[in-house]
Ligand SMILES: NC(=O)c1ccc[n+]([C@@H]2O[C@H](COP(=O)([O-])OP(=O)(O)OC[C@H]3O[C@@H](n4cnc5c(N)ncnc54)[C@H](OP(=O)(O)O)[C@@H]3O)[C@@H](O)[C@H]2O)c1
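Residue numbers (the working numbering): 109 to 353.
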């Protein structure tokens with residue numbers, strides 16, 4: 109699809125990657141860019157129309173889909189990362205919050221906007237996933253589970269919506285230079301570079317964006333994930349079994 113002349117909505121458009129997505133859409137001459145945020149007063153990017161939206165609030169999601177009846181491009185960017193483990197976390201609160209936003213919030217947006225996009229010629233959905241959709245980083249374990257679930261939903265929504273001509277783009281990235289990765293001391297891709305890659309993909313009809321070298325390496329390693337991605341857990345068990353004989 110062409111970005112120029114399209115009507116787009118970006119979730120979490122008040123900061124970080126969402127702000128970069130909204131700015132890039134304006135730069136590419138989208139006819140209207142709705143910048144959705146929990147606090148719309150924080151959406152200050154020139155040319156972006158603020159709209160109040162918490163993606164975990166189903167009534168608000170439905171109302172926003174009705175307000176944006178001319179939308180042809182939905183960018184599901186909003187997400188949370190609680191840096192939580194599975195076993196040592198004090199409760200399920202972080203895991204639930206990540207699922208609620210990254211999986212159920214994204215799903216709820218796809219469901220609400222599917223008929224809107226269909227009515228406007230098909231359009232496109234961009235789902236912001238992660239390299240953590242592909243593997244479990246022990247420091248952000250429950251976040252990875254929520255992004256794996258969102259990857260699965262992205263593949264399913266693509267299957268369910270291709271008949272109406274809706275392109276569904278999965279975007280996976282390692283570290284991006286935003287608040288979410290502020291504490292990380294490792295190479296990061298800029299949000300502006302990710303936004304450019306993603307809208308190039310939308311215009312080219314590409315269903316997947318692997319935004320950096322680390323993400324491309326991890327995806328290419330999936331068929332040998334236990335040997336290549338994880339610490340040598342299998343070697344530990346092989347040695348343990350041998351030692352017990
Ligand atoms: N940064 C990275 O290294 C990285 C890597 C791969 C993927 N990602 C993904 O990229 C996306 C953008 O993240 P970012 O790096 O820009 O992080 P960020 O700076 O922490 O921004 C997150 C955005 O999501 C919004 N948000 C969170 N929960 C929401 C909800 N329930 N309803 C509506 N908006 C909500 C936040 O709004 P508030 O300001 O109200 O909190 C904020 O605008 C996320 O999906 C993230 O998982 C990030």
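Idealized CB from N, CA, C, for every residue including glycine.
All values derive from a computational prediction rather than experimental measurement.
Less than 8 Å between the C-beta atoms of residue 220 and residue 183, yes or no?
no
Give the DSSP bridge partners of residue 271, in chain order.
Residue 271 pairs with nothing; no bridge assigned.
Could you spell out the range, first to last residue, of the alpha helix (DSSP H) harbouring residue 221?
214–227
Run through DSSP, which three-state label would residue 335 get?
helix
Environment of residue 206 [buried if 16+ CB atoms lie within 10 Å]:
buried
What are the start and end residues of the alpha helix (DSSP H) that includes residue 236?
Taken as a continuous stretch (DSSP letters only), residue 236 belongs to no alpha helix (DSSP H), being part of the beta strand (DSSP E) at 232–236.
In terms of residues, what are the limits of the alpha helix (DSSP H) holding residue 119?
Note, residue 119: premise wrong, no alpha helix (DSSP H); beta strand (DSSP E) at 115–119.
Could you tell me which residues DSSP puts in a beta bridge with residue 278?
235 and 316
Return yes when the C-beta of residue 293 is under 7 Å from any heavy atom of ligand 1, and no when it is not.
no
By Cβ distance, which residues of its chain are closer than 7 Å to residue 288, with the 5 residues on each side in sequence left out?
124 and 189
In whole angstroms, what separates the C-alpha of residue 257 from that of residue 208?
11 Å
Please report how far the alpha carbon of residue 165 lies from the alpha carbon of residue 267, in whole angstroms.
26 Å
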